[in-house]
Amino acid sequence: MYLVKSCRICGKKIRFPLDRGAIRVSCDCGYSFLADPDDRALYIDATIDLTPGPKEPRPSLREITDTLIQRIKSVKDKISVQCINPGNTKQIVIRRIYDAKYWIQNYRLHPDSEKRKVLIPFCVLLVLAVCLILSRLL
Ligand SMILES: [Zn+2]
């Protein structure tokens, strides 16, 4: 997906991809700016261009099935390892707690979409908890 914006200096239309994160976009006239897809201001006076970009060669059916089989095998291995060693559960729980701790510590660095996935359920739970406490008090 592309975004089309007019150059601030010469007014020429500049077209740039939105799926590559924050990139520096420059016009033929020399004007350049940082295009951050997470910045709402970027979409002001802009139009979205949905025409597909240069296409990558399509993977063959053989490549698709091979990657699919590999993924299934890796998931199967993970599941069997967890099932065989029930004593492993403690380590898995501890690892999950550490993962959550690191995730919270690095909260600022996560993309907005990932933050929303966690923040929205957390807010809903918070509101429910507040409602529950208030209903007990009244
Ligand atoms: Zn320009």
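Using my numbering, you'd call the opening residue of the sequence shown number 283 and step up by one each time. A virtual CB, placed ideally from N, CA and C, is assigned to each residue, including glycine.
query: In the structure shown, what three-state DSSP assignment does Val294 receive?; result: Here residue 294 is Lys; the residue named in the question, Val, does not match the sequence. Coil.
query: Applying the 10 Å Cβ sphere with the 16-neighbour rule, what's the burial state of Ile296?; result: buried
query: Kindly indicate which residue of Pro403, Leu285, Lys383, Arg377 has the alpha-carbon position closest to the one of Ala328.; result: Leu285
query: For Ile305 and Ile330, I'd like the C-alpha separation in whole angstroms.; result: 17 Å
query: According to DSSP, is Ala382 part of a helix, a strand, or is it coil?; result: helix
query: Any heavy atom of ligand 1 closer than 8 Å to the beta-carbon of Lys294?; result: yes
query: Could you tell me the alpha carbon to alpha carbon distance between Lys358 and Asp348, rounded to whole angstroms?; result: 15 Å
query: For the beta strand (DSSP E) that Ala317 lies in, which residues bound it at each end?; result: 314-317
query: Please confirm whether any heavy atom of ligand 3 lies closer than 8 Å to the CB of Asp310.; result: The ligand content of the structure shown is limited to ligand 1, which means ligand 3 is not among them.
query: With 16 as the cutoff for other CB atoms within 10 Å, does Ala382 come out buried or exposed?; result: exposed
query: Quick one: what's got a C-beta closer than 7 Å to Leu316's C-beta in the same chain, skipping five residues either side?; result: Ala304, Arg306
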